[in-house]
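Asker: Handing you a structure now.
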Amino acid sequence: MPETVSPLGLLLDVDGPIASPDTRTISTPSIITDLIALAGANVPIGFITGRSAQFISEQVVTPLVAAGLPQEMRMYGVCEKGAVWFPITAAGMGDIVVDASVALPEVVAGRIRDLVASDYADSMFFDETKLAMISVEQRTDVDRSRYHVAQASFEAAAYAILVEHGLGVRFGDLVSPDATGAVPFRIDTTIISTDIESVDLDKDHAAERAVAFFAQGGPLPRVWRSVGDSRSDYKMADHLHAAGFDVAHVDVRPADGILDRGYPVIVEGDLVHDEAGAAFLGYWVQKLGLAEPVSD
Numbered sequence: 385m386p387e388t389v390s391p392l393g394l395l396l397d398v399d400g401p402i403a404s405p406d407t408r409t410i411s412t413p414s415i416i417t418d419l420i421a422l423a424g425a426n427v428p429i430g431f432i433t434g435r436s437a438q439f440i441s442e443q444v445v446t447p448l449v450a451a452g453l454p455q456e457m458r459m460y461g462v463c464e465k466g467a468v469w470f471p472i473t474a475a476g477m478g479d480i481v482v483d484a485s486v487a488l489p490e491v492v493a494g495r496i497r498d499l500v501a502s503d504y505a506d507s508m509f510f511d512e513t514k515l516a517m518i519s520v521e522q523r524t525d526v527d528r529s530r531y532h533v534a535q536a537s538f539e540a541a542a543y544a545i546l547v548e549h550g551l552g553v554r555f556g557d558l559v560s561p562d563a564t565g566a567v568p569f570r571i572d573t574t575i576i577s578t579d580i581e582s583v584d585l586d587k588d589h590a591a592e593r594a595v596a597f598f599a600q601g602g603p604l605p606r607v608w609r610s611v612g613d614s615r616s617d618y619k620m621a622d623h624l625h626a627a628g629f630d631v632a633h634v635d636v637r638p639a640d641g642i643l644d645r646g647y648p649v650i651v652e653g654d655l656v657h658d659e660a661g662a663a664f665l666g667y668w669v670q671k672l673g674l675a676e677p678v679s680d
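Residue numbering for the sequence shown follows our numbering, beginning at 385 and increasing consecutively.
In structure tokens form, the structure reads like this:
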């Protein structure tokens, strides 16, 4: 790996800025080519996501490898908000590491799986690819508004199951400590899913792990950009800012509310989700002089 310092580092949420929240795939071709161009310029790229390693393998890594990732680069995945991590090379994903200490009991996962199958299968599905957290996701053939009605009902039922099993859990304003008074789990709502997860999992811890990996491969850039579509994605930039880097956060769904932070927050005009993500990546490819010249 070259010892020249990259002009940029990237920490990218996947759902929203990279993968379409509607198709759950990378549906904008320029995102693939621009990620490859940036990786080839020694830009460290971390995918910091609540998605599973299998999802990232199928929907992100496989198309990148097929399009030709560079042999020398720094690319890393931290999935399930910090519970699962792996390097990414030109050949694909490296060894996957799982932090079993933050996993929910299998008996509870089984109860949630059965709940979805019996009462909510017409609007959502249990994500069988998760290795530590529990995720239940909107079916792609179901209208978003209809899903959100079912989601509210499902989350209330899921909270009751966790309380029944004695797990300390927080759900919005509801808090039920375990027998020791601890609350080690939470129910987190997104626009397309519900995650039941350890409170130790979040985007700032995941960002810290990715940056530590990149530091092993060479000098770190001073300039970083994080990109995401939810308020929790700001925590990637929070970590970078606290660590002393020159950081700005790109919010691709600002209608949910732009947070007041000690670093700049960027929006891509009226563009949202992966259209905004594509515009952001394209800007940096042009800025760094990586775009291929257009032939006559």
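Positions of the beta carbon are idealized from the N, C-alpha and C atoms, including for glycine.
Is the segment 523-542 touching the segment 600-607, taking contact as three or more C-beta pairs under 8 Å?
Answerer: no
Asker: Could you name the residues of the same chain whose beta carbon sits closer than 8 Å to that of V500, not counting the 5 residues immediately before and after it, in chain order?
Answerer: M508, F509, F510, V520 and F538
Asker: By Cβ distance, which residues of its chain are closer than 8 Å to A484, with the 5 residues on each side in sequence left out?
Answerer: Correct list, in chain order: A516.
Asker: Name, in chain order, the residues that DSSP records as bridge partners for G476.
Answerer: T473
Asker: Under the three-state reduction of DSSP, which class applies to A632: helix, strand or coil?
Answerer: strand
Asker: Do P471 and Y460 have their C-beta atoms closer together than 9 Å?
Answerer: yes
Asker: Can the beta-carbon of T578 be found less than 9 Å from the beta-carbon of D572?
Answerer: In this structure, T578 places its C-beta atom within 9 Å of the C-beta atom of D572.
Asker: Following the continuous alpha helix (DSSP H) through L665, name the residue where it begins and the one where it ends.
Answerer: Note, L665: alpha helix (DSSP H), H657 to K671.
Asker: Using only the alpha-carbon positions, how far apart do T388 and Q600 sit?
Answerer: Those two C-alpha atoms are separated by around 14 Å.
Asker: Strictly by DSSP, which residues pair up with Y712?
Answerer: With the chain covering 385 to 680 only, the question about residue 712 has no answer from this structure.
Asker: Just the Cα atoms here: how many angstroms apart are A423 and F597?
Answerer: 15 Å
Asker: Where do the N-terminal and C-terminal ends of the alpha helix (DSSP H) with T417 fall, by residue?
Answerer: P413 to G424
Asker: Provide the residue span of the alpha helix (DSSP H) that contains Q455, from first to last.
Answerer: It is not in any alpha helix (DSSP H) - Q455 carries neither H nor E in the DSSP assignment.
Asker: Using the Cα positions of S441 and V482, report the straight-line distance between them to the nearest angstrom.
Answerer: For S441 and V482, the gap between their C-alpha atoms comes out near 15 Å.
Asker: For L499, report the span of its alpha helix (DSSP H) as first-last.
Answerer: E490 to L499
Asker: L515 by DSSP, collapsed to three states: which one?
Answerer: coil
Asker: Can you find at least 3 beta carbon pairs, one from the segment 523-533 and one from the segment 543-555, that sit closer than 8 Å?
Answerer: no
Asker: Under 9 Å between C-beta atoms, does K619 make it to chain D?
Answerer: Absent from the structure: chain D. Only one protein chain is present.
Asker: When we look at the beta-carbon of D613 and count the other beta-carbons within 10 Å, is it buried (16 or more) or exposed?
Answerer: buried
Asker: Using C-beta distances below 7 Å, list every residue in its chain close to E592, excluding the 5 sequence neighbours before and after it, in chain order.
Answerer: H623
Asker: Using 10 angstroms around the beta-carbon of E548, count the other beta-carbons present and answer buried if the total reaches 16, otherwise exposed.
Answerer: Exposed is the call here.
Asker: By DSSP, does T564 sit in helix, in strand, or in coil?
Answerer: coil
Asker: Distance, Cα to Cα, D617 vs Q443?
Answerer: 20 Å
Asker: Given a threshold of 16 other Cβ atoms within 10 Å of its Cβ, counted over all protein chains shown, does K671 qualify as buried or as exposed?
Answerer: exposed
Asker: Taking the DSSP output, what are the residues bridged to G612?
Answerer: D635
Asker: Note down the Cα distance separating V376 from Q455, rounded to an integer number of angstroms.
Answerer: The first residue shown for the chain is 385 and the last is 680, placing residue 376 beyond what the model contains.
Asker: Look up A403 in the DSSP assignment and say whether it is helix, strand or coil.
Answerer: strand
Asker: For G430, collect the residues of the same chain with a Cβ closer than 6 Å to its Cβ; drop the 5 residues on either side in sequence, then sort them by chain order.
Answerer: The residues are L395, Y460 and A594.
Asker: Near I415, what residues of its chain come up, given a Cβ to Cβ distance below 8 Å and the 5 sequence neighbours on each side ignored?
Answerer: I402, D658, G661, A662 and L665
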